[in-house]
Amino acid sequence: MKLLENMPMEGAPYFGEKKWVSPLNFMPEVKGEETSSKVYIHDVTLRDGEQTCGLNWTEDERVDIAVALNDLGVKSIEVGMPIISEDIGRAIKRLVKMNLTSELIPFCRARKDDIEFAAKTGVEKIIVEHAVNPYTNYYAYHADTEKLLDRVISNVSYAQSLGLKVTFMGWDVTRGTLDYAKKVYKTVVDAVHPEAVVFTDSFGVATPQAIYHSIKELKKVLGDTPIEFHVHNEFGMAMGSVMAAAYAGISGIHSSINALGERTGNVATEEVAAALELLLNIDTNINLDRINDVTLMVEKITGIPIHYNKPVTGKRLFWMESGVVVQAKSRLEQAGIQAAMFPYMPELVGREPANVVIGGSSGKDSIMQYLDKMGLAYAEDDLQPLTDKVKELGRAKRDVVTVEEFENIYKEYMNNK
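Quick note, the working numbering runs 22 ahead of the 1-based positions in the sequence shown.
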C-alpha cells in the first residue's frame, strides 16, 4: 500500500486486515504509560441486569447465562444476591459444582445475613457493598463516616473469617467528593486488605474526564490494590467513562450483556470488550467472535429487543444503503483496505458479512451490485432508470427495498422498456 502523508498503515496499531481505527488513540500524549495493558470483565448481567424493571431470571436461565458468560471469557460473574430468593442460591450451588473458569461472585450488602447466605452456596469470593457518600449514608442508612467504616470493615472481616475472599464495592461514590472517597477506600484497604475495590458512578453523573482523574488519584493512595469501575448510563457517557478509566490504568470493568441494569442500565459487556480490544489493543480475554450469540441468547430470554443500530450487535449495523458509502467502500477495498466503511469487519464480533441494501439513498453502484449478484442482464443505460425507481419506492415506504421488490421493479422496467 502506498504511504500517504507520512501515515503508515501496514503494521500500525490502528490498522489491520480486519480493522481500521484512529491513530489518535495511540498518540503518546493520549495513551500514556499508565494506560492498562489488560482489563478484565466482571459481568453483572445476573445481578444488576436483573434490576431492570420487570426482569427476573429463572434458576435454569441463571445457570445457562453464567455458562455462556464463562465461555465468552469474562473473568468473573456477579451471580446474584442469594438472600433474595432460594432459586438464586440453588443456581449458584449448581454453578459451583461445574468448576467454571470464571469466578462466581455473589453480591452482598454490608450485612452478616447477606454474607452468610452467600457463604452457604460454596463460592470462594463475594462482593460486599455499601454507599460511599456522606449524605446517602447519613439519611438512608443513619450512618456517619465512623459508623460506615466500622460497618464495612467488620463485615468484610467477618466474610474473611468464613474463608471468603472479598471485593469492596462503594456505590454512589461520584456524587460525593474525591477526598471523601479516597479516605473511605484507603481506610478499608489498610484495615482488611480486600482483593479489589470498586469505584462506582451509580448515576452516570461524572464526566469521562472526571473519571480519568479520579481513578489516577485513587491509584496513588491504594497502591497495588486492583480498582474496578462500575458505571450507569444516565447521560450516555458510560462507554466514554470506561475508556477514560482504561487510560487511567483501571484493572477491571463491570458490565452487562445488552446493557441491562437499573434505570438506563450498565455499560454493555459487548461494547466494552470490542472497544478496549479494537480501539486500544487492550487484552480483555473476551472471545469477540462469541459476543453476538450471547447477546441474542439474552435477548431471547428477556424479550427485550436489541435496537437495530446498537453498537456491535444491532441487526442493521453492517447494512449499507447510501450510494456514496457503497461507492467509497468498493474503491477502498480495491486498494486492499477491507475495513473500508466500518471500523472493523463484522466477523470479528461473530456477525455475518456486511450487506449492501437498496432504498431511498442508493446509487448506481448498489444497483449494479444487486443486478450482478442476482444474475440479471442489463445495459449501462438501464442503471439510472432502475436506480430512480428503487429510490422512489424506498422513499415511499421509508425502509429498504427487498429483493422481491427489486425483482418486480426490474421486470416491470424491462417489460416497459
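Glycine is no exception: its CB is placed at the ideal position from the N, C-alpha and C atoms.
- DSSP assignment within the stretch 368 to 403 yields no whole beta strand (DSSP E) run of 3 residues or more.
- By the C-beta density criterion, histidine 252 is buried, having at least 16 other C-beta atoms within 10 angstroms.
- About 7 Å separates the beta carbons of tyrosine 36 and asparagine 47, which is inside the 8 Å limit, making them a contact pair.
- Collapsing the DSSP output to three states places leucine 26 in a strand.
- Look at the stretch 42 to 127 and you find these whole runs of alpha helix (DSSP H), each 4 residues long or longer: 81 to 94 and 108 to 119.
- It is roughly 15 Å from the alpha-carbon of leucine 91 to the alpha-carbon of glutamate 293.
- With respect to serine 388, valine 346 sits apart: the two C-beta atoms are not nearer than 8 Å.
- Excluding the 5 residues flanking it on each side, tyrosine 392 has same chain C-beta neighbours closer than 7 Å at Ile380 and Phe428, in chain order.
- When DSSP states are grouped into helix, strand and coil, alanine 290 belongs to the strand group.
- For the pair aspartate 194 and valine 220, the CB atoms are not nearer than the 8 Å cut-off.
- Arginine 173 and asparagine 314 have their alpha carbons spaced roughly 42 Å apart.
- In this structure, glycine 144 keeps its C-beta atom at 8 Å or more from the C-beta atom of lysine 187.
- Ranked by Cα distance from aspartate 305, the first of Lys53, Thr57 and Val61 is Val61.
- In the three-state scheme derived from DSSP, where H, G and I count as helix and E and B as strand, aspartate 212 is classed as helix.
- Within its own chain, the residues whose Cβ lies closer than 6 Å to the Cβ of alanine 132, once the five positions on either side in sequence are excluded, are Val150, His152, Arg173, Val174 and Asn177, listed in chain order.
- When rounded, the separation of the alpha-carbon atoms in lysine 439 and tyrosine 432 is 10 Å.
- In this structure, leucine 300 sits away from lysine 53, with a CB-CB distance that is not shorter than 8 Å.
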